[in-house]
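A short write-up of the structure that comes next.
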Amino acid sequence: MSSTCSLLTAALPPLHLLCFSSLLGATLYQSFVMTKISFRSLPKPAFRSLQKQVWPFYFRAQTIMIIVNAVTVPRNVIFPLGAGLMSWIPHAVATTLAMLNVFIFEPATQKAMVQVTHQETRDALSCNTREYHQNKGMEGSTASTSAVMVVVMRKFSFSHAMCIHLNLLTLGAILAYGWTLASRIQ
Numbered sequence: 001m002s003s004t005c006s007l008l009t010a011a012l013p014p015l016h017l018l019c020f021s022s023l024l025g026a027t028l029y030q031s032f033v034m035t036k037i038s039f040r041s042l043p044k045p046a047f048r049s050l051q052k053q054v055w056p057f058y059f060r061a062q063t064i065m066i067i068v069n070a071v072t073v074p075r076n077v078i079f080p081l082g083a084g085l086m087s088w089i090p091h092a093v094a095t096t097l098a099m100l101n102v103f104i105f106e107p108a109t110q111k112a113m114v115q116v117t118h119q120e121t122r123d124a125l126s127c128n129t130r131e132y133h134q135n136k137g138m139e140g141s142t143a144s145t146s147a148v149m150v151v152v153m154r155k156f157s158f159s160h161a162m163c164i165h166l167n168l169l170t171l172g173a174i175l176a177y178g179w180t181l182a183s184r185i186q
């Protein structure tokens, strides 16, 4: 029994560093590399379709990796008992922020994005109908953003901005923990 426990104790620090490295790398890559390249390279509909698939998976994976990272903190090897709190605060903050994205703001962003897409279609149809009537000499107004589109875009902008900011704050908590981790390694 004690040999199994000592084996687990010996395996915990490398496992923890691997989990932390994966979490930090995935967060940086998804937030700053993959999204930017996709935005620049893909047409708008393809970009939206890709993001609709990637971000829910990313936020769920990020949350799981934060929890696994917190579980694998080697309490007696790297951290003396008094320093344990400094490892839990960033984990608690990161987990809370990531869960807000998973359960509240990312689904709201997805819903609003679908509404924006549908409203764009409605507005285009309405705009085409106005152009048809104007060409036939009938009355019609000029094409502009509809009032419904303004409301839908505000919902999307708010929830999307919350996702971005919560993700950046999560990254900050991960980096804060990384700083604590690096300062404790001997």
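The numbers in the sequence shown follow full-length UniProt numbering, run straight up by one, and end at 186. Ideal Cβ placement from N, Cα and C applies to all residues, glycine included.
With a cut-off of 8 Å on Cβ pairs, the segment 150-159 is in contact with the segment 103-111, counting three or more such pairs.
Between the C-alpha atoms of V33 and T72 there is a straight-line separation of about 28 Å.
In this structure, DSSP gives V93 a helical state, which the three-state scheme calls helix. Approximately 44 Å separates the beta-carbon atoms of M65 and L125; this is outside 8 Å, ruling out the contact. Pairwise C-beta distances place the segment 56-63 in contact with the segment 92-105, as three or more of them are shorter than 8 Å. Short of 6 Å from the beta carbon of Q30, and not among the five residues preceding or following it, lie these beta carbons of its own chain, in chain order: Y58. Ranked by Cα distance from L28, the options I89, T170, T180 are led by T170. If you ignore the 5 residues before and after F39, its C-beta comes within less than 7 Å of the C-beta of F47, all in its own chain and listed in chain order. For the 9 Å CB-CB criterion, L8 and F105 do not form a contact. Taking Q115 as the centre and dropping the five residues before and after it, the same chain places the C-beta of V152, K155, F156 closer than 8 Å to its C-beta, in chain order.
Exclusion of the five residues before and after Y177 leaves S87, P90, H91 as the residues of its chain whose Cβ lies within less than 7 Å of its Cβ. T117 is the residue among T117, N69, S49 whose C-alpha sits nearest the C-alpha of M149. For Q51, the number of other beta carbons within 10 angstroms of its own is at least 16, and it is reported as buried. Here I67 has T95 as same chain residues with Cβ atoms under 7 Å from its own Cβ, once five neighbours each way along the sequence are excluded. Distance between L181 and L85, taken at the CA atoms: about 12 Å. Considered as a whole, the UniProt domain "TMEM205-like" (18-115) harbours 35-41, 44-71, 84-100 as its complete alpha helix (DSSP H) runs of no fewer than 4 residues, in chain order.
Distance between P13 and T4, taken at the CA atoms: about 15 Å. When C-alpha distances from P45 are compared across A11, G25, T121, the shortest belongs to T121.
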